[in-house]
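Below: one structure, written as structure tokens.
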Amino acid sequence: MANQAKLKRKRFFNLLSTCLVLGLGMLPVALKTRPTLAAQRIAFSIAPFGDFYVSVDSLEVFAKEGKITKDFAFYARRLDESTLAQLRQVLQKRFEINHVTVYRVTNMPMGEELLKRLGQIIKIDHQLNGFYALRSALVAAAADESEGLTVVNVMRHFPTKDIRINTDLIFQLTKELTTLFNYRDTVVTAIAQQAEIEASSSNIDFSQLPDLREPGSIRFTKKTLTFEIPNLRPTQVGLTASYRLDVDIFLPEDISQPAPLVILTHGFGNSRENYQYLARHLASYGLAVAIPEHLGSNLEYRKAFLRGELSNLISPIEYISRTRDITSMLDQLEHLVANDPNWKERLNLEQVGILGNSFGGTTVLSMAGADLNLVRLSQKCRQERFSLNFSLLLQCRASYLPPGDYNTRDSRIKAAFALYPPTSLVFGPESIGEIAIPTLIMASSHDLLTPVIQEQIHPFIWLKTPEKYLALMVPGSHFSTSEDKYTKPLPQELRGPRAAIGKSYLKALSLAFFQTHLAQRPDYQSYLSSSYTQSISQEEMSLKLLNSLTPAQLETAYGGSAPEPIIPETITAALPLPRQETVVEEIKRTGILKVATRSDAAPFGYIDSRQDLWTGYCSELANSFANYLTQKLNLSTGIEVVKLPSTLKNRFQLVQNENVHLECGPNSISSDLEGIVFSNPFFVTGTQFLVKTREQEQVNLSNLEGLKTGLQTNSLTEQFIQQRYPQAETISFQGENARTSGVTALEKGEIDTFADDGILLLGEVFRQDLALENYTLVPKRPLSCNFYGMILPDNDSQWQSTLNSFLGTEQAKQIWREWLTDSFSEMLSHADYCLNIQLSGGTP
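Each residue of the sequence shown is one higher than the one before, counting from 256 in this note's numbering.
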């Protein structure tokens, strides 16, 4: 077996090196017509011998006819027969992918990042990353109906004469991969040996005990519940203020006491249908199971993205939204249990466990107590070192989240089971070490999407909870527990051994784990042992189980220090580093413009209740600014706008910490804020009082006597009113919905007036779909003048100049007119008044 594995690996590296040298690492980006100049040859250098070439024609002949031409013979002689056969298969393979889909996928941030990594290997010349050429060639090949998306056709559409291969990087990567694979195999062997030692000390005959892989005897029913959740969330129609959460729930019948609840959280691009086989299995043993549908990362969301209806394949907010889905679901179930005797008899919400695969595994660990490690993400995701750990692309999406205490842990969760979870950056040892409940990590030794060493085995060592388990399937894949109907389109290399084996392992282990740690059934504890997993292991794919592993064990087995630190150096929060590149340079490098805007400040940024969408002046302006930058920087593809919500509290911090490039909203320009500057003013308004039109004569602006005046706490308006009207009776409204609550209170007659910037008051009336004629702003001229500017970092004058230049363009002015003057024309008089006051050096 060991010799076979070595031979298989040797062939793999031969094929990998050959494919990379020949430019075959190119994967499915801007939609262009077929170039008049097409690649004729692959070029690569090997020191000290110089340049070598192989023609695209010779590869095409080999692919179509199997003939080895004189041009290709020099290289073919260095490959064994098996590798040559695999190479021809790679060259012949036609990927049936629509060119629009290729365009969409390769224009999303994760797709672009992957192509940029490949562009370090496949170049236009010695110095230029091949990213843009790759993207053009991939889409053009996919659009070619006659030949389609094949490796050879991608070469044919590569828009330069030569495809230059970075052989130095290939040799470096091959060496690193060899080292990492050797380390992985050594670690897997060490785990297997340790499991055998532990199993040998057991004398339990599991053939005489119930087989946990088989269904139980308890009947159950399946229900689908729908809950209305009033939270901001990405969905397949965009960011919405509320959404419907669909949940499939499996309830055991004829049970003597309420059943513990196991939550199943699906992976990225999946749905709640994917692991229903496991739900049925657990329910047949008396465990209730709930499976929520995560709207921002499910199958329908992915399809909407591919149809062009969404700009991002996944929003950074999804890391938070998934945990809130589950917390909201538990809240709703608690309400049912508290108010419906039937539910009270069937669900025990004091015993709740959670299981998830892949991205769902990340959700599991978040809810178990691992906070998102924004400090580690911020530092590590900025590094541009080439990595074949594809899960980092997904993990680094979380780096765009604004700083904050997201508190994803739910104390109702008592046990956590994570399959193939991405963990290394999104959590790191700092957060994984905070988990304090029983935790089982299940992994596959040959997982190509979430590498087992970096993402599961080392993180298992980081766990400090005393009740922890590591289950390892050898040689399993990322899809070893998925149903065949979902993985059938995938190549065999990704699918791995028969999924039926992995599914049986998952059924047995998850049942034993939750019966032990939720249902408090000690008779299941013996199944959580190396001896049990040894008893059910199959030759095609074995199963190992440990509950302890140390760095010393791994280093002893490897014979030295691990290629990557087993426990990475702790990263602590630090002040933002001095800017090493300008914002414009960063945007040009990444193709991403990061903008924060409000969701509570109509018309600048708000939730439109009629369409249930996040919209406003700032959102449209950000999109137009991205187009402006695309032209200014002469980029061949568009710039993606990553939009994040800001609040009255965190708007300055988002820019100071470099989480965003700018914050757009109702920000009064000030010169005494550290670390930030403002753009040129884009709007002028000031303090006014919103009153009902029929009651405006009752407002005495000399002292506000006899009036209940609403104010938003911690706002500049609150400070102004308290200074100008110290005797006024004020009613405070707090939080992000303060203005909404204040206007609602005015509508109900609970207060007499609400004070704020005039534009924000009218904007809120408009947002609530109230009749504008029923409300009036007094006085006609504002009591103060606030000039709004966009918040920018103070260490980049070029960025400030770039934004100011854009604000002066016709497209920016048109958006300004449509949002801020056509609907709120009276605000123009405020601008004229305040500008005159400012120029004269006076005050209102």
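Virtual Cβ for every residue (Gly too), placed ideally from N, Cα, C.
Applying the criterion that 16 or more other CB atoms from any shown protein chain within 10 Å of the CB defines a buried residue, is residue i buried or exposed?
i, result
"residue 534", "buried"
"residue 284", "Confidence at residue 284 is low in this model, with a pLDDT of 30, below 50, so its placement is unreliable and the value that follows should be read with caution. Buried, since its Cβ has 16 or more Cβ neighbours within 10 Å."
"residue 590", "exposed"
"residue 381", "exposed"
"residue 920", "buried"
"residue 655", "buried"
"residue 702", "buried"
"residue 934", "buried"
"residue 367", "buried"
"residue 333", "exposed"
"residue 968", "exposed"
"residue 848", "buried"
"residue 541", "buried"
Going by CA-CA distance only, name the one from the options that's closest to residue i.
i, options, result
"residue 1001", "986, 990, 915 and 649", "986"
"residue 446", "858, 1037 and 808", "808"
"residue 413", "792, 311 and 375", "311"
"residue 979", "943, 418, 645 and 1003", "943"
"residue 476", "539, 869 and 686", "539"
"residue 665", "618, 656 and 532", "618"
"residue 389", "400, 361, 398 and 399", "361"
"residue 644", "332, 711 and 1003", "711"
"residue 705", "723, 721, 647 and 667", "647"
"residue 627", "679, 860 and 638", "679"
"residue 316", "395, 377, 492 and 407", "407"
"residue 441", "812, 725, 424 and 892", "812"
Can you grab the Cα-Cα spacing for the pair residue i / residue j, in whole Å?
i, j, result
"residue 560", "residue 359", "8 Å"
"residue 553", "residue 562", "15 Å"
"residue 756", "residue 867", "45 Å"
"residue 478", "residue 294", "58 Å"
"residue 1036", "residue 1016", "14 Å"
"residue 850", "residue 576", "20 Å"
"residue 930", "residue 1052", "13 Å"
"residue 751", "residue 764", "20 Å"
"residue 298", "residue 305", "10 Å"
"residue 761", "residue 466", "13 Å"
"residue 607", "residue 688", "21 Å"
"residue 748", "residue 816", "30 Å"
"residue 675", "residue 683", "15 Å"
"residue 289", "residue 349", "Annotation note: pLDDT 38 at residue 289 (below 50); position unreliable, coordinate value reported separately. One C-alpha to the other measures close to 18 Å."
"residue 460", "residue 546", "35 Å"
"residue 449", "residue 864", "59 Å"
"residue 307", "residue 410", "17 Å"
"residue 624", "residue 677", "15 Å"
"residue 1028", "residue 948", "7 Å"
"residue 526", "residue 600", "29 Å"
"residue 869", "residue 1041", "25 Å"
"residue 653", "residue 490", "17 Å"
"residue 397", "residue 641", "26 Å"
"residue 1020", "residue 997", "11 Å"
On the DSSP bridge list, what partners appear for residue i?
i, result
"residue 860", "856"
"residue 493", "490"
"residue 919", "852"
"residue 987", "966"
"residue 695", "672 and 724"
"residue 476", "506"
"residue 611", "520 and 673"
"residue 932", "1047"
"residue 374", "Note: residue 374 sits in no beta bridge, so no partner."
"residue 901", "853"
"residue 501", "481"
"residue 1029", "None; residue 1029 has no bridge partner."
Flag this pair as touching only if the stretch 818-825 and the stretch 837-844 have three or more C-beta atom pairs under 8 Å; answer yes or no. no
Three or more C-beta pairs closer than 8 Å, one from the stretch 663-676 and one from the stretch 685-699: is that the case here? yes
So, does the stretch 909-926 touch the stretch 1037-1052, judging by three or more C-beta pairs under 8 Å? yes
Count the C-beta pairs between the stretch 508-527 and the stretch 603-613 that are closer than 8 Å, then say yes if the count reaches three, no if not. yes
Is the stretch 743-755 touching the stretch 780-788 in the sense that three or more CB pairs, one from each, lie closer than 8 Å? no
Between the stretch 728-737 and the stretch 796-816, are three or more C-beta pairs nearer than 8 Å? yes
Quick check: the stretch 883-892 against the stretch 1023-1030, are at least 3 beta-carbon pairs closer than 8 Å? no
Between the stretch 498-517 and the stretch 436-453, can you find at least three pairs of beta-carbon atoms closer than 8 Å? no
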